[in-house]
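Only one structure is covered here, and it is reproduced in the block below.
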Amino acid sequence: MERDKVPVRKRVYVVQKFRPLYFHELFSSYSSAILSPVGAGSPNFVNSISPVITNTNTTIILPSLPVPIHMIVPVSGRLPTLKRLLTNFDHIVMCSNDSDLLNVHIYIILMETAEDSGERMSTLANYIKKFVQKYQSSRIHLIEVENGNFTRGYARSYGASRFNDTDLLFFIDLDMVFTRDLFPRIRYHTILNKQVYFPIIFSQYDPNYWETIQSSLNFSSFTLRGDIGYWRLYGFGMLGIYKVDLGQIGSWNVGISGWGKEDVEIYDKLVQCPTLNVFRAIDNSLMHIFHTKDCSPTLRDDQMNMCKGTKSITLGSQRILVRYVQKLIELNKI
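Residue 334, in UniProt numbering, is where the sequence shown stops; the numbers in between run on with no holes.
Here's what the structure looks like:
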C-alpha cells in the first residue's frame, strides 16, 4: 500500500515505530531535601546537577531548580475563551507558592485575520496587558505578530523562534484547560535530544448531549466521564519539545491556512525522526472544552475531511446519540 493513499487519521499509525513498554514512577514534587549519611552508598548516586552541602556527618542534597516551561498559545479573536485560559493560568500557576510552578511562563501569540478589526485586536491586547500588570514579576507574555493571515502553524513557529535551543517548549491550544499535574509530566516525558511528549487529551462532547450537566469548571480536578467526552487519540495539537529538537524536523508548516493538518504533519515528522522518540500517553491533566466547529468551504479536501470527522465525533457518545435518535423515533420526528 502506498503511503500517500493512507487516510490522514490512519497514516500516523502506519509510520509509527513500535517500541517496548516502559514504566516510570513519578516521585512527589513536594519531597524535601534528601538526607543521607556520608558513608552510606556510593557518592556516584549524588545528583550532579543538584547543589550539595556536606559536613562531617551528613550530606544534604538540595533540590535543583525545575526546568522552565514556556507555554506557547496562538490567539486570534475569541476573547471569552482567552479569559478562561488566563484565569486557569492565574489560578493554577500565579496563585501558587509551589516552587515547581515558579518557572512556568505562558506566551500569547496574538495575530489578526483579514476579518479582524483594529478595535477587536486592541480589546484582546488590552485584556492581556491587564493580566501582565497584575503581577510585578509576571510570567504572562504578550507577543503581537504583524501578519494579516492567521495560521496556527505560523503562530507556533514564530513563538518558538524567540527561544534558545535548550529551552523547553509546550504548545497548547486556546480551548484547553489544565491542572497543576501537567507540568511535572511535561518535564519528565520531554527529554533533550532524545524524546518529545504528545499527551492524549480528554475532549468534551457537546453539553447538550450530556446525561448530567456539570455545574462549573473546577481547575483543580476534572470530571472525565464517558457521557461528557472522550480521549482524543487522533489529536496531536499539544506538544512538549525542546527548541533544538523542533529544529531537527524543520518546525511547523507555515503554509497551511484554515483548520487543522499542521499538527498531524509535525507528528508525522517526529515519528520518522531517527534521533527522537515520541512518547504518547493519556494525560488527565488536560481537557479540551467543547465549542462549535465551523468547517469553512475554503478548506482543502483533506482539511475538510478532518474537520467534518472531528465535528461528528465531538457531538456525543454513541450510547447517548442512540438514545436520542430512539426518542425522536418515538415522537415521530424522524
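C-beta: ideal position from N, C-alpha, C; glycine also. Remember, predicted model here, so these are calculated numbers, not experimental data.
| query | result |
| --- | --- |
| Burial state of S203, where buried means 16 or more other Cβ atoms lie within 10 Å | buried |
| As assigned by DSSP and simplified to three states, the class of N88 | helix |
| Bridge-paired residues (DSSP) for G240 | F170 and Y197 |
| Distance between I109 and W252 (C-alpha atoms, nearest Å) | 15 Å |
| Terminal residues of the beta strand (DSSP E) in which L286 lies | N277 to H288 |
| 7 Å CB neighbourhood of M304 in its chain, flanking five on each side removed | C295 |
| For V325 and L169, the rounded distance between their alpha carbons | 44 Å |
| For V73: DSSP bridge partner residues | I108 |
| Residue from V278, I228 and T223 with nearest C-alpha to I249 | V278 |
| Boundaries (first-last residue) of the alpha helix (DSSP H) holding Y158 | R152 to A160 |
| Whole-number beta carbon distance between F198 and R280, since they are thought to touch under 8 Å | 5 Å |
| Cut-off 6 Å between Cβ atoms - residues of its own chain near residue 382, not counting five sequence neighbours on either side | No answer is possible for residue 382: the residues shown for the chain start at 1 and end at 334. |
| Three or more C-beta pairs below 8 Å linking the stretch 228-244 and the stretch 139-151 | no |
| Cβ neighbour criterion (16 or more within 10 Å) applied to C307 | buried |
| Length of the line joining the Cα atoms of K243 and I320 | 43 Å |
| Alpha-carbon spacing of M287 relative to L192, whole angstroms | 26 Å |
| Classification of V322 by the beta-carbon crowding that lies within 10 angstroms, buried from 16 upward | exposed |
| Nearest neighbour of R185, chosen from I200, I289, N332 and L174 [CA to CA] | I200 |
| Close-in-space but distant-in-sequence residues of the same chain around A160 (CB under 7 Å, 5 per side omitted) | I72, L169, K243, L246 and S251 |
| K194 classed as buried or exposed, judged by whether at least 16 other C-beta atoms fall within 10 angstroms | exposed |
| Spatial distance of N208 from Y230 (CA atoms) | 15 Å |
| Counted within 10 angstroms of its Cβ, other Cβ atoms place K83 as buried (16 or more) or exposed | exposed |
| Distance, T314 Cα to R152 Cα | 21 Å |
| Buried versus exposed, by CB contacts within 10 Å (16 or more), S334 | Reading off the sequence shown, one finds Ile at residue 334, where the question assumed Ser. I334 comes out exposed. |
| 7 Å CB neighbourhood of P43 in its chain, flanking five on each side removed | Caution applies to P43, whose pLDDT of 33 falls short of 50 and renders its modelled position unreliable; the value that the coordinates give is listed next. Around P43: no qualifying Cβ. |
| From R156, Q272, T166 and V196, residue whose alpha carbon lies closest to that of D173 | R156 |
| 8 Å Cβ shell around D167 - same chain, five flanking residues per side excluded | P68, H70, Y242 and K243 |
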